[in-house]
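Take a look at the structure below.
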Amino acid sequence: MITELPELDGLFDQYAERFGRDQTPYRNHVYRVINLVAAQRPLSGDDLRKVELAGFFHDAGIWLAGTFDYLAPSARLACHYLTEHGLEAWRDEIHAMVLDHHKITATDRGRDSLVEAFRRADWIDVSLGLVRFGVPRERLREINRRFPNAGFHALLAALTARQLFTRPWRPLPMLRL
């Protein structure tokens, strides 16, 4: 179980004020997603760090760009961070992880890619395990015990309701085919 990632925790500390009371629910979601990627394939070294960074930024546009249409802003934030830290070589892969994490169908990166594992992991968590992509139920329970929901899905429901009432023509702008 991956329980501590210093760079990820540092990013959450850096933006704590922007996340406000949503920090714990989002942080736990990010750790659940990272652990769900690890439940699908071994994660270490560069791959772990890529998933760590994609994890932090994948929904961050909600808070850091102030929008529920957050895929492109979140991807831009991730790419900016990568450039600032000399990680341009990871740009394409992390950009794809962020942009494709709500893709309904499989990515074109291949079943064993980090991008596809990240997409599946986010769907597992957002669906509350209804969709598991082969991750054992007990592993999912273990991850959820260590990183409880803390209101994350209620937060998503509230954001979706607000979007529905303010922009009914685009109730879920983050979904992609």
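Residue numbers (the numbering used here): 219 to 395. From the three backbone atoms N, C-alpha and C, an ideal C-beta is built for every residue, glycine too. Quick caveat: nothing in here was measured; it's all calculated off a predicted structure.
Inset, instruction - Spatial neighbours of Gly273 within its chain, please: CB distance less than 6 Å, with the 5 preceding and 5 following residues excluded, ordered by chain position. - result: Here residue 273 refers to the residue found at position 55 when the sequence shown is read from its first residue. Listed in chain order, the non-local C-beta contacts of Gly273 below 6 Å within the same chain comprise Val248, Val251, Ile252, local neighbours out to five positions each way being set aside.
Legend entry - Buried or exposed (CB count within 10 angstroms, at least 16 for buried), Ile322: On the sequence shown, position 104 is the one that residue 322 refers to. Counting Cβ neighbours within 10 Å, Ile322 comes out exposed, since fewer than 16 surround it.
Legend entry - Proximity of Ala256 and Val353 at Cβ, strictly below 8 Å: Position 38 of the sequence shown, counting from 1, holds the residue named residue 256. Position 135 of the sequence shown, counting from 1, holds the residue named residue 353. Taking the C-beta atoms as reference points, Val353 is found no nearer than 8 Å to Ala256.
Inset, instruction - For the alpha helix (DSSP H) holding Glu281, just list the boundary residues, first then last. - result: As a working note, residue 281 is residue 63 in the sequence shown. One detail in the question is off: residue 281 reads as Trp in this sequence, not Glu. Counting along the chain, the unbroken alpha helix (DSSP H) around Trp281 starts and ends at 279-282.
Inset, instruction - Apply the 10 Å Cβ neighbour rule to Leu348 and answer buried if 16 or more other Cβ atoms are within range, or exposed otherwise. - result: If you number the sequence shown from 1, residue 348 lands on position 130. Leu348 comes out exposed.
Legend entry - Buried or exposed (CB count within 10 angstroms, at least 16 for buried), Leu346: Numbered from 1 along the sequence shown, position 128 holds the residue referred to as residue 346. Label assigned to Leu346: exposed.
Legend entry - Closest residue to Glu270 among Asp287, Leu300, Leu282 (Cα-Cα distance): If you number the sequence shown from 1, residue 270 lands on position 52. Minimum Cα distance to Glu270 is reached at Leu300.
Inset, instruction - Would you mind working out which of Asp287, Pro291, Arg350, Ile280 sits nearest Phe370, comparing C-alpha positions? - result: Against the sequence shown, residue 370 aligns to sequence position 152. The residue with the shortest Cα to Cα distance from Phe370 is Ile280.
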